[in-house]
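In my numbering, the protein residues as written are 938 to 1262.
Think of the CB as a built atom: it goes at the ideal place given N, C-alpha and C, for glycine as much as any other residue.
Below you'll find the structure, written out as structure tokens, and then a few comments.
Now the structure itself:
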């Protein structure tokens, strides 16, 4: 072995001894120092241990929903519907009217309201004229023209008048004013009536009254005037406060009070049932004959309301029924 090899071995041995000494001093102590907590930088979070079973979060942990911003929708309106009027702050809104109920039954005359329950429960005989809500009966143009042509053929003197509407069903659709019932026989005063009533009057006068007067009262000579008490008048029957409307209010009736003759005397209509004179016979004859032309004839023997005149009308009844007394 050379000297160089011996030195090399000694150097290696010295290195090994130094390494062993260093490694022995670097052994960890039995209780090492605890790790220091890291500062909370906000970048990371420690994961929480997962429980065995998931549980819903506590109510305090649930985030409350944020209210939506109050966005006003654009105002719209239906066609032909006006916008509701705006009220000023602090003032109460006006009360809205109750919705109208649908109308039932036929339309009412202008200015008339529906009947109250009390009015509905009243029998017709207890209703006033206003409570009956009547309307004027329309007249056919062709029938009216035919009727007026018949009047002219008989020589009746008359003129047309404007339509009459006095409310509550009182009125005449096509009224005429008669001044002479027949040629040379004055109707005094003039009578405002419907044409059918005037035609019945003219035929009764021509075919019954004049012949009966010539036979019963020849000394009185020619009949010159017929005095009428009532023609058109808006009222109930017999002027009562309740009950059916009078035919006078329709223009269908005329009341005859007396007959005036050329000699200058009047034959008044009065109770003559027991009158055995020719004057009594004349009155009873024309009263009975009136039922051939009128649908209603009431003479002084019928009731107290007709003690001084004939009531003659042309009301239409079912089956052509007539009432003559």
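For the 8 Å Cβ check, are there 3 or more pairs between the segment 1206-1213 and the segment 1086-1102? Cβ pair count under 8 Å is below three, so no.
Can you give me the C-alpha to C-alpha distance between residue 1075 and residue 1111, rounded to a whole angstrom? Between the alpha carbons of residue 1075 and residue 1111 lies a gap of roughly 8 Å.
Taking residue 1148 as the reference, give the member of 1086, 1226 and 1136 with the closest Cα. Residue 1148 has its Cα closest to that of 1226, out of 1086, 1226 and 1136.
So if DSSP puts residue 1070 in a beta bridge, which residue, or which two residues, is it bridged to? According to DSSP, residue 1070 bridges with nothing at all.
Three or more C-beta pairs under 8 Å: does that hold for the segment 1154-1165 against the segment 1118-1131? Contact between the segment 1154-1165 and the segment 1118-1131 is present, because at least three Cβ pairs lie under 8 Å.
Out of curiosity, what's the CA-to-CA distance linking residue 942 and residue 949? C-alpha of residue 942 to C-alpha of residue 949: approximately 11 Å in a straight line.
When burial is assigned at 16 or more other CB atoms within 10 Å of the CB, is residue 1169 buried or exposed? That one is buried.
Using the C-alpha atoms, what's the distance from residue 1174 back to residue 1120? Rounded to the nearest whole angstrom, the C-alpha separation of residue 1120 and residue 1174 is 32 Å.
Could you have a look at residue 1252 and say whether DSSP puts it in helix, strand or coil? Residue 1252: coil per DSSP, three-state reduction.
Would DSSP call residue 1165 helix, strand or coil? In this structure, residue 1165 counts as strand in the three-state DSSP scheme.
DSSP has residue 1114 in a bridge; who is on the other side? Per DSSP, 1096 and 1129.
Residues that residue 1108 bridges to, as DSSP identifies them: Residue 1108 is bridged to 1102.
9 Å Cβ cutoff met for residue 1259 and residue 1223: No, Cβ-Cβ distance for residue 1259 and residue 1223 is not below 9 Å.
Can the beta-carbon of residue 1199 be found closer than 9 Å to that of residue 1158? For the 9 Å CB-CB criterion, residue 1199 and residue 1158 form a contact.
May I ask which residues mark the beginning and end of the alpha helix (DSSP H) holding residue 1147? DSSP places residue 1147 in the uninterrupted alpha helix (DSSP H) bounded by 1147-1153.
Note down the Cα distance separating residue 1271 from residue 1129, rounded to an integer number of angstroms. Residue 1271 falls outside the range modelled here, since the chain spans only 938 to 1262, and no answer is possible.
Classification of residue 1183 by the beta-carbon crowding that lies within 10 angstroms, buried from 16 upward: It is buried - the Cβ of residue 1183 has at least 16 other Cβ atoms within 10 Å.
Three-way DSSP call (helix, strand, coil) for residue 1012 in this model: Reliability of the predicted coordinates at residue 1012 is poor, the pLDDT of 49 falling under 50, and no value is obtained from them.
Using 9 Å as the limit for Cβ to Cβ distance, is residue 1221 near chain B? The displayed structure is made up of one protein chain only, and chain B is not part of it.
Compute the Euclidean distance between the alpha carbons of residue 1185 and residue 1155, then round it to the nearest angstrom. In a straight line, the C-alpha of residue 1185 is about 33 Å away from that of residue 1155.
How would you call residue 1262, buried or exposed, if buried means at least 16 neighbouring beta carbons within 10 angstroms? So residue 1262 counts as exposed.
Close beta carbons around residue 1216, own chain, < 8 Å, minus the five adjacent residues each side: So the list reads 1153, 1154, 1204 and 1209, once near-sequence residues are dropped.
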